[in-house]
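Heads up, the sequence shown is in full-length UniProt numbering, so the first residue is 1 and it goes up one at a time.
Don't be surprised by glycine CBs; every beta carbon is placed ideally from N, CA and C.
In this text the structure is predicted, and so the values were computed from the model without any measurement.
Working notes, structure below.
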Amino acid sequence: MGCFSCAGKSRKNASNKKPDDQIPSSSDKTKSNMALDVKKASKDGGSEYIAAHTFTFRELANATKNFRADCLLGEGGFGRVYKGRLESTNQVVAIKQLDRNGLQGNREFLVEVLMLSLLHHPNLVNLIGYCADGDQRLLVYEYMPLGSLEDHLHDLPPDKKRLDWNTRMKVAAGAAKGLEHLHDSANPPVIYRDLKCSNILLGEGYHPKLSDFGLAKLGPVGDKTHVSTRVMGTYGYCAPEYAMTGQLTLKSDVYSFGVVLLEIITGRKAIDNSRAAGEHNLVAWARPLFKDRRKFAQMADPLLQGHYPMRGLYQALAVAAMCVQEQPNMRPLIADVVTALSYLASQKYDPETQPIQGSRTGPSTPGTRRE
Ligand SMILES: Nc1ncnc2c1ncn2[C@@H]1O[C@H](COP(=O)(O)OP(=O)(O)OP(=O)(O)O)[C@@H](O)[C@H]1O
Ligand SMILES: [Mg+2]
């Protein structure tokens, strides 16, 4: 992995901020010692310091009440994630304890920490610090109070609020902006590789942030079970050319983004084996429907209960259809997706004044759930 520079080298939509401005102030408050300083070459040949904070294992054990079960937020392919409160700053954080036998090695861990430390954007989850104590490897992230997009789209408990159209477009546009930063502002570009609903985390007001954009590369090549779990887990999001040849490009991320956008619009999972034959794979189900605009309304999530703008639905589906095209070179650049979705997100739908779509949705009963 090369040197990552987020400053001034953007090919598109360059941020005027200096990298120092992009380091969140929360890091400054952390009192832990700063063991990892990285000199980063800047455009004019100078260098600037990027600091990642280190925590001792004890500090993180204290923060999570010794990794108590009731602090557990969830578990993914790399280990468990706990909610914690740092004693030194009182800051609430999410702490990912990596499986010790799932690590490739210390060097890879540090490279990932460096990469995460250098990538800062309002739509990327912020890495606050890390712990490399003995054989323990932990990552400390900002805490995202509303959990993952997956939690809000699929298998909703009866008391959970369904996402309305405006929120869905806001989340889609924000996630696209995070991906755009990885593709167009990082130098060299970062290919996410693992874009999916569970990696889009939500903050207050449903502000979306991408997570795990560095960790995806930590997966051990030699660990058979682990690798197959990850392949299974991301199967429905994987671009066909990547699945067949292993060739990874920025356009593979655009494909995965298209799948996420389809999930946001339809409320269907990327892979859902509980559905009827022919509907297991979301993209395969959607492709024939894309060809007939009259079928677009059938694709809207029934949980929306017709509360969406027909024009907006057409446009959002058109973007998704372009992203999931078989041929990578036919897919748009993520910057173009950002432009389209930012426009869609700016067009607020008001259910009070705008028509409710479709006859099959029936009367509006906000508590009604999909079977
Ligand atoms: N920063 C965070 N704030 C709040 N919750 C988080 C945070 N990071 C992760 N989580 C929660 O912890 C759970 C596990 O996350 P994790 O990233 O380990 O697994 P995953 O995203 O489900 O799968 P994968 O390992 O493939 O990324 C998720 O359900 C997520 O909602
Ligand atoms: Mg994740």
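Taking the DSSP output, what are the residues bridged to residue i?
i: G84; result: V93
i: L210; result: L124 and I200
i: Q327; result: Looking at the DSSP assignment, Q327 forms no beta bridge with any residue, so it has no partner.
i: G129; result: H53 and V140
Going by DSSP in three states, residue i sits in which element: helix, strand or coil?
i: D37; result: Bear in mind that a pLDDT of 40 at D37, under 50, signals an unreliable position, so the number given afterwards is only what the model happens to contain. It is a strand residue.
i: A316; result: helix
i: P351; result: coil
i: L333; result: coil
i: I356; result: coil
i: Q247; result: coil
i: D151; result: helix
i: Q305; result: coil
i: N281; result: strand
i: G236; result: helix
i: G205; result: helix
i: N273; result: coil
i: L119; result: coil
Could you work out which residue in the options is closest to residue i when comparing CA atoms only?
i: F67; options: V283, G76 and R80; result: R80
i: S198; options: H53, G76 and K348; result: G76
i: V283; options: S274, H183, Q354 and M299; result: M299
i: V337; options: A175, L210 and E241; result: A175
i: E263; options: E241, Y242 and L153; result: L153
i: G312; options: A335, T54 and S342; result: S342
i: T353; options: A316, H307, A345 and T339; result: H307
i: P145; options: P189, Q247 and L73; result: L73
i: L317; options: F296, Q97 and P188; result: F296
i: D155; options: Q247, L303, L202 and R168; result: L303
i: H207; options: L195, L149 and V190; result: L149
i: I128; options: R168, L139 and D135; result: L139
Could you tell me the alpha carbon to alpha carbon distance between residue i and residue j, rounded to whole angstroms?
i: H280; j: G236; result: 10 Å
i: F213; j: P157; result: 28 Å
i: D151; j: D164; result: 14 Å
i: K160; j: Q305; result: 16 Å
i: N33; j: S117; result: Because N33 sits at a pLDDT of 35, beneath the cut-off of 50, its placement in the model cannot be relied upon, and the following sentence gives the value as read from the coordinates. Their backbone Cα atoms lie some 15 Å apart in a straight line.
i: F290; j: K65; result: 51 Å
i: I334; j: R137; result: 33 Å
i: A320; j: H121; result: 24 Å
i: D292; j: Q325; result: 16 Å
i: H181; j: R193; result: 14 Å
Measure how close the beta-carbons of residue i and residue j come, nearest whole angstrom, since I'm counting them as under 8 Å.
i: A94; j: Y130; result: So it is not a contact: roughly 13 Å between Cβ atoms.
i: A172; j: L261; result: 6 Å
i: K269; j: R331; result: Between R331 and K269 the Cβ distance is about 22 Å, and since that is not below 8 Å, they are no contact.
i: S211; j: L201; result: 5 Å
i: N62; j: E87; result: 6 Å
Please confirm whether residue i has its beta-carbon closer than 8 Å to some beta-carbon of chain B.
i: D151; result: Reference to chain B is not applicable here, since this structure consists of a single protein chain.
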